[in-house]
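Worksheet: the structure to be examined is printed underneath.
2 protein chains.
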Amino acid sequence: MLLKKCLLAFVLTLSVTTIFAQTKTAVQSPDKNLLMNFWLDNDGRPMYELLYKNKTVILPSAMGFGLKQTMSNEALPSLQKNMQLTASSQSASDTKWNPVWGDVKEIRDQHNQLIVSLTQKGEKAIQFNIIFKVFNDGLGFRYVFPQQKELNHFIVSAEKTEFHLAGDHKAFWIPGDYDSNEFSPNVSKLSEVDGEDPKYAASIFAHQFFNKNAVQTPLMLKSDDGLYINIHEAALVNYPAMNLVIDKADFTLTSALVPDALGNMAYLQAPAKTPWRTIIVSDKATDILASHTILNLNDPSVIKDPSWIKPTKYIGVWWEMHVGKASWDSASGKHGATTANVKRYIDFAAKHKFDGVLVEGWNVGWEDWFGQYKENVFDFVTPYGDFDVKGLHKYAASKNVKLIMHHETSASVTNYERQMDTAYRFMKANGYDAVKTGYVGHIIPRGEHHDGQWMVNHYLRVAKKTADYKIMLDAHEPVRPTGLSRTYPNWLACEAARGMEFNAWSEGNKPRHDVILPFTRFMGGPMDYTPGIFQLELNYWDKNKKETIHTTLAKQLALYVTICSPLQMAADLPEIYEKKLDAFQFIKDVAVDWDDSKYLEAEPGEYITVARKAKKSNNWFVGSITNEQARTTTVDLDFLDAGKKYQAIIYADAPDADFEKNPAAYVISKQTVNSKTVLNLKLAPGGGTAISIMPIK
Amino acid sequence: MLLKKCLLAFVLTLSVTTIFAQTKTAVQSPDKNLLMNFWLDNDGRPMYELLYKNKTVILPSAMGFGLKQTMSNEALPSLQKNMQLTASSQSASDTKWNPVWGDVKEIRDQHNQLIVSLTQKGEKAIQFNIIFKVFNDGLGFRYVFPQQKELNHFIVSAEKTEFHLAGDHKAFWIPGDYDSNEFSPNVSKLSEVDGEDPKYAASIFAHQFFNKNAVQTPLMLKSDDGLYINIHEAALVNYPAMNLVIDKADFTLTSALVPDALGNMAYLQAPAKTPWRTIIVSDKATDILASHTILNLNDPSVIKDPSWIKPTKYIGVWWEMHVGKASWDSASGKHGATTANVKRYIDFAAKHKFDGVLVEGWNVGWEDWFGQYKENVFDFVTPYGDFDVKGLHKYAASKNVKLIMHHETSASVTNYERQMDTAYRFMKANGYDAVKTGYVGHIIPRGEHHDGQWMVNHYLRVAKKTADYKIMLDAHEPVRPTGLSRTYPNWLACEAARGMEFNAWSEGNKPRHDVILPFTRFMGGPMDYTPGIFQLELNYWDKNKKETIHTTLAKQLALYVTICSPLQMAADLPEIYEKKLDAFQFIKDVAVDWDDSKYLEAEPGEYITVARKAKKSNNWFVGSITNEQARTTTVDLDFLDAGKKYQAIIYADAPDADFEKNPAAYVISKQTVNSKTVLNLKLAPGGGTAISIMPIK
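Top to bottom, those sequences are chains A and B.
Quick note, the first sequence lines up with residues 2 to 698 if you use the working numbering.
Quick note, the second sequence lines up with residues 2 to 698 if you use the working numbering.
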């Protein structure tokens, strides 16, 4: 599956000669723009710093751990001091690989690597290594505990990785939390962060704040001197997620892991390794969006034959529940997942060539599922009486449409783990090869958190088991992604952020939401964001409903391009689309998998313009979106094949469009374009432009 | 399976007339010896008291709960006051039923019942009922939360059931704990209990004390005025186990439930019910042993056709690991579960007509299994390379011997629950139809306890799932049993107490241990105690080993009768038995299921003499055991059929036998007996006598 080409032979420099403390070991990025130094300070504490074009990204920052013995629960000697460097080695690597799906068809992995081996001074010395990889666009480092005499099983009681920033940067952040990522992102100076303000937790049932100075990753930062810095992690496996606690006196961010029911962070056994801590940096915001460093830090795919993995565009019985037209619960009198209604969606999907139809509320349990710490809610195989599993399987198959299964676990994970095999067998027997999982509520095992080690292991267990069954996975309310979809490409998407649904029943998402997410949540991987809402004023569904979508209709279309995901929903209802089939044409045309992506312009929280070339096609799609400010911009189509003619269909905000006053006003125009064309775009407040560019044959 | 005969029509007296607080509602036992009064005190608090032959067993004692809302975690109004009685009803019942196995073939369930319905005063009143059943030998009561408007999901934050004793009784107790029951029982006045003395925790890795005044149930008490009182619970389902905290000022014992990882006790949804709280009382100690009240309070068997459930006498590859001759771990160089060694056990079992051979250490994982909070230890299907699953299945089948599976979960219960179906299918495919489970260590889900609600549900889930697979169950390190083997008769036995194994590697079990357990742990159900050790001085196995078994050999034989269990091991090694085949004959002859049992004499902590008649047989077996004191006694064989001749084989301590100085000295004598014979027994210190009495044809 992965075509791996080694462009450069591995260069290995091993230096085991005496190394003095305070001697800095330097590693540059291949293009020399980044410089990372590692050293031990006078106390024997591991330290690093990072510079980009001679500007400081990370001031001298400490690394290390607090560990405990598993059996006695007693502390082990600190790994934050008294360390000595016993070996270090450097190497360079430059390879390419082909993702199963993604924003480009080929990804270059070029980096310089440093491995340092550290050993405690004194008796019963514990060893650990740090691996640094310096890419042109960022740094990744991870801790590795090799197999050793003095350390076998152990508890991580704290990881103390510092990111000492050079100033009070502008931050695009959500509050640090153990359970939820569905907070509305805020934009402020680091010094102004207050993560425990209850306003963030509005409409979020299961969440746990722990420190008002804490924020989550991916954390996007912009320095006064024009650096864009993104801090996250890669390959989160068998370890809890990392929050960052801000020291507002000196802008040091320190890792704060998500604890388990006993207050421990991780249970490890040597050999063991942590996730990579990543710092992506550039003086161009578009470089952040274009970065593949997090994917490069993940392991290659374990799925030998990925031919069954299909990027998917889908509709579903879902938004009608959020707007109140229907209900998940069969006894409600307005059940959405009836055989007749699902057939209607299948018909629509078949007519408009969608791959799949998601159906939520198909199975018994919704009548009493939420918020009660109830362990046995769903069994994942028992449909409501008005949902004909066999009949719908047959009907969908006859129309060449795939039904997408829904497994809401209600966060009763022990129950789900008991049922998984049975549930996946049931799916395959009934023609389903994709599942949307959900984890709404407080986790059972009680005391565990959505983002703790136990749940991190669970999500991956699901990814592996669904892969065993050749099932594609879309996990809602999981831990934030960290590029694991490279390794498990059947794991198409996650939610793990505030999605479209919040617009249906909360204060909603701000217009800037969509120009922040690509710099934050999306750094870890695709999101099932569910764009495509055409009925933007929700009093259409219920005259008492005051909610509106805080975008224009054209922006809803542009999201299919600004969001990169192999799983995209057209979230509105068939009857809504039927009324605007001209605009709907863009959703029908747009791809969900790409040969190439051009990040043309971007500023976090303000605007993004992206062009993408569809996989195995000459069709291009452009998306341009703005925040609450109107905006004019130009798109230079120089990425098109020279000398070739294309027809561009431009889905733009109408001149009087406005996300608040006139969101649904759009104009569609067509024009013949080529690689020399420059298009002028005019985006309404909360608006966007979507463009399809297809060769004229 | 259960032959249910209604001897007496149900008498129902419904009194819904105005009931005043402080008016006592009285219920007597059918034989009028017991009197229970229920009333509400001036604060509207539910109260009860219990008298036996006009002696006070329980002084006025309060009942009630602290509850919380599940969703908000906020306290609900206390159920310990402000209650009013809205209804009460009394009835009488007298039925008989036949257990699948047990100490008698028919059990009479005769009791008078009172149901009181209580409702809070004021708005949003919560209701609950208390059901009292008064038997001739004791009282059982449970709380029931009916379906109601003001209570659906709720958390039990505390159950406050009091047992206000009439004095500073002599108590036979083990410390209150959340995880272990493997403490050496102590005998003291209630006022002298100190459960947190570290001496109790010696040799017990996973345990959690919580209050030095706490003790576990079954709690055996003896009052100065000669009453024997036993407090326990019946039908522990979806609820945590109960400890009792002693108020040493007035000898009130108050229930203290085992909490979960969040400190909550139970998550319930109305309709819901608690286990029965049981108080068995008599002026004869033998009545305590003969009581079937706890079984009567459990539901009838759910297994329609129990023909596949076979009381089992077995040997196994087990004691050789405890004495250090062999190891569970294949890499140790002295692996016990090798194909050759197991064949040796199969041969011995076949020769001596044992039903089964247990094999521990057969599966990969033992090399790193203990005490490290490791989640993925065993997979329950991967044998060590030197254990031939298929070959041994064939070999055992050819010899008409059943292999018994061992599933040590290392208390990683999430892991076991993921593997259970696969593991049971593997068992059935390889001819196993009985499993010994183990839960050694700290529970995963971390923060849960062996005796908490989540684990209580787990043990029952295993009992049900093994029943689905027609597998018999023997659970080690589970919660203490509460008579659930009536409902799930495939659940043959539990450990849940300090078994024989402690003699192999700890300070051991005191001689009085065996004359306490039947009054404590065994009240809840059978134990896999593993008697039959003939090699009583363990330096035989390793000259550095100082441990000895603190009984005589004859007492080891007598245990097969004093212990009532449908699962009994002959725990010593074949080569040991080969040397004493004359004594071994008793183990071969003795039954493990009974038509009748006669509890001839007993005093907790001192002596027990029991005669039992084998199931569907005219063979009787007598066991008489003592504590560290030598003892002479007589056994009147008047239970034999009049006019019939029997041969008695008497396995007695030799005149110079002594558990410390000369434990293995025994004498075997034969004599013809009839119903008029009175046998004189002489028990050595730590000794016993076993007798088989078989009709002369």
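Glycine included, each C-beta is placed from N, C-alpha and C at the ideal position.
The model shown is predicted, which means the values in this text are computed figures rather than measured ones.
Hey, how far is the Cα of residue i from the Cα of residue j?
{"i": "L8 (chain A)", "j": "T96 (chain A)", "result": "Low per-residue confidence applies at L8 (chain A): pLDDT is 37, beneath 50, and the placement is therefore not dependable enough to give any value."}
{"i": "A22 (chain B)", "j": "M48 (chain B)", "result": "Residue confidence for A22 (chain B) is low, a pLDDT of 49 falling below 50, so the modelled location carries little weight; the figure read from the coordinates is stated next. Straight-line Cα distance between these residues: approximately 11 Å."}
{"i": "Q149 (chain A)", "j": "Q270 (chain A)", "result": "10 Å"}
{"i": "L638 (chain A)", "j": "N34 (chain A)", "result": "29 Å"}
{"i": "F136 (chain B)", "j": "H293 (chain B)", "result": "10 Å"}
{"i": "A584 (chain A)", "j": "V324 (chain A)", "result": "21 Å"}
{"i": "E579 (chain B)", "j": "F355 (chain B)", "result": "14 Å"}
{"i": "K544 (chain B)", "j": "K326 (chain B)", "result": "12 Å"}
{"i": "A643 (chain A)", "j": "F587 (chain A)", "result": "24 Å"}
{"i": "K683 (chain A)", "j": "S413 (chain B)", "result": "60 Å"}
{"i": "E361 (chain B)", "j": "D389 (chain B)", "result": "14 Å"}
{"i": "D573 (chain A)", "j": "N628 (chain A)", "result": "22 Å"}
{"i": "S625 (chain A)", "j": "V611 (chain A)", "result": "6 Å"}
{"i": "A350 (chain B)", "j": "V358 (chain B)", "result": "7 Å"}
{"i": "F211 (chain B)", "j": "D261 (chain B)", "result": "13 Å"}
{"i": "N265 (chain B)", "j": "R447 (chain A)", "result": "10 Å"}
{"i": "Q217 (chain A)", "j": "W174 (chain B)", "result": "51 Å"}
{"i": "W621 (chain A)", "j": "I694 (chain A)", "result": "5 Å"}
Identify every residue that forms a DSSP beta bridge with residue i.
{"i": "S333 (chain B)", "result": "Note: S333 (chain B) sits in no beta bridge, so no partner."}
{"i": "T633 (chain B)", "result": "B:K683"}
{"i": "C565 (chain B)", "result": "In the DSSP output, where bridge partners are listed per residue, C565 (chain B) has none listed."}
{"i": "Q29 (chain B)", "result": "B:L36"}
{"i": "T488 (chain A)", "result": "In the DSSP output, where bridge partners are listed per residue, T488 (chain A) has none listed."}
{"i": "L52 (chain B)", "result": "B:L36 and B:T57"}
{"i": "D654 (chain B)", "result": "B:Y667"}
{"i": "S625 (chain A)", "result": "A:T610 and A:T690"}
Can you tell me whether residue i is helix, strand or coil according to DSSP?
{"i": "S308 (chain A)", "result": "helix"}
{"i": "V17 (chain A)", "result": "Interpretation of V17 (chain A) is limited by its pLDDT of 39, a score under 50 that renders its predicted location unreliable; no figure is taken from the coordinates."}
{"i": "P461 (chain B)", "result": "According to the sequence as given, residue 461 (chain B) is Leu; it is not Pro. If DSSP states are grouped into helix, strand and coil, L461 (chain B) belongs with the helices."}
{"i": "P446 (chain A)", "result": "coil"}
{"i": "H408 (chain A)", "result": "strand"}
{"i": "L4 (chain A)", "result": "Because the pLDDT at L4 (chain A) is just 38, under 50, the model does not fix this residue reliably, and the value given afterwards should be weighed accordingly. Of the three classes helix, strand and coil, the one that applies to L4 (chain A) here is coil, per DSSP."}
{"i": "M428 (chain A)", "result": "helix"}
{"i": "E496 (chain A)", "result": "coil"}
{"i": "T87 (chain A)", "result": "strand"}
{"i": "A1 (chain B)", "result": "Given a span of 2 to 698 for chain B in the structure shown, any question on residue 1 (chain B) remains unanswerable."}
{"i": "H353 (chain A)", "result": "coil"}
{"i": "I472 (chain A)", "result": "coil"}
{"i": "Y179 (chain A)", "result": "coil"}
Please look up how many angstroms separate the CB atoms of residue i and residue j, rounded, as I've assumed it's under 8 Å.
{"i": "G439 (chain B)", "j": "E409 (chain B)", "result": "4 Å"}
{"i": "V117 (chain B)", "j": "S94 (chain B)", "result": "Wrong, their Cβ atoms sit about 17 Å apart, outside the cutoff."}
{"i": "H443 (chain A)", "j": "Y374 (chain A)", "result": "6 Å"}
Exercise. Are the region 329-344 of chain A and the region 301-308 of chain A touching by the rule of at least three beta carbon pairs closer than 8 Å?
Worked result: no
Exercise. At a cut of 8 Å, does the region 397-411 of chain B reach the region 179-190 of chain A through at least three beta carbon pairs?
Worked result: no
For this session: Would you check if there are 3 or more beta carbon pairs closer than 8 Å linking the region 505-512 of chain A to the region 537-552 of chain A?
Result: yes
For this session: Please determine if the region 479-499 of chain B and the region 454-469 of chain B are in contact, where contact requires at least 3 C-beta pairs separated by less than 8 Å.
Result: yes
Exercise. If we count Cβ pairs, one from each stretch, closer than 8 Å, do we get three or more for the region 154-170 of chain A versus the region 250-264 of chain A?
Worked result: yes
Problem set entry | Cβ contact check for the region 642-662 of chain A and the region 605-614 of chain A: 3 or more pairs under 8 Å | no
Problem set entry | Touch test, the region 95-109 of chain A against the region 227-243 of chain A, Cβ-Cβ under 8 Å, three pairs minimum | no
For this session: State whether the region 469-477 of chain A contacts the region 197-209 of chain A, with contact taken as three or more CB pairs (one from each stretch) at a distance under 8 Å.
Result: no
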